[in-house]
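To keep things clear, I will list the structure first and then write my remarks on it.
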Amino acid sequence: MILTGQSSSSTTTAQTQPCPTDSRPWGTFTVLDEGPGYKIKRIEVKPGHRLSLQMHHHRSEHWIVVSGTAHVECGDKTELLTPNQSTYVPACTKHRLQNPGVVPLILIEVQNGEYLGEDDIIRFQDDYARQ
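If you read the sequence shown in this note's numbering, its first letter stands for residue 45, the second for the next number, and so on.
See below:
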């Protein structure tokens with residue numbers, strides 16, 4: 045939920061606005077917050093699924109595992125991350141996220157860069173035949 049402040053003459057109240065969740069074949073993502081140069085997402089990957097092998101020209105990403113297990117490919121490196129572990133994905137680096145487990149993988153993604161649009165993606169391989 046995104047909080048927005050509203051004030052009257054002597055009091056301030058907080059209202060929540062729902063964050064829209066986008067569905068993908070591998071799971072879902074929700075934008076929790078964004079501003080100039082950054083975007084924060086909650087990503088949930090279904091057990092046994094993975095995102096495309098991809099790259100972004102205009103942003104880097106930092107992933108923090110909340111629950112489940114993440115198999116991460118980043119450049120020449122592969123690693124297994126568990127809750128409270130994180131990794132950094134530099135811009136212009138091929139990367140992929142996979143859930144090898146039997147429970148949903150939940151992570152927080154922090155994007156930084158000059159352009160954070162969903163169309164800044166080059167896919168090299170995709171299990172779901174997306175371009």
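Heads up, the beta-carbon is just placed ideally off N, CA and C, and yes, glycines get one too.
Computed from a prediction, not measured in an experiment: that's the story for all the values here.
Chain-order list of residues whose beta-carbon lies under 8 Å from that of residue i (same chain, five-residue window excluded)
i: T72; result: T65, D66, I87, E88
i: S52; result: Because the pLDDT at S52 is just 45, under 50, the model does not fix this residue reliably, and the value given afterwards should be weighed accordingly. Hits under 8 Å: none found.
Buried or exposed by the 16-neighbour rule on C-beta atoms within 10 Å, applied to residue i
i: A173; result: exposed
i: I150; result: buried
Cβ pair residue i, residue j closer than 8 Å
i: S104; j: P134; result: yes
i: N128; j: V154; result: no
i: Y82; j: H106; result: no
Residues near residue i in its chain [Cβ-Cβ closer than 6 Å; skip 5 each side]
i: D77; result: I84
i: D170; result: S96
i: G161; result: none
i: P69; result: Y172
Minimum C-alpha distance to residue i - residue among the options
i: V75; options: I152, Y159, G112, S111; result: I152
i: Q142; options: D120, R167, N156, L125; result: L125
i: G119; options: G145, F168, V147; result: F168
Beta-carbon contacts of residue i that lie in its chain and below 7 Å, excluding the five residues immediately before and after
i: H100; result: A135, D164, I165
i: E123; result: V116, T131
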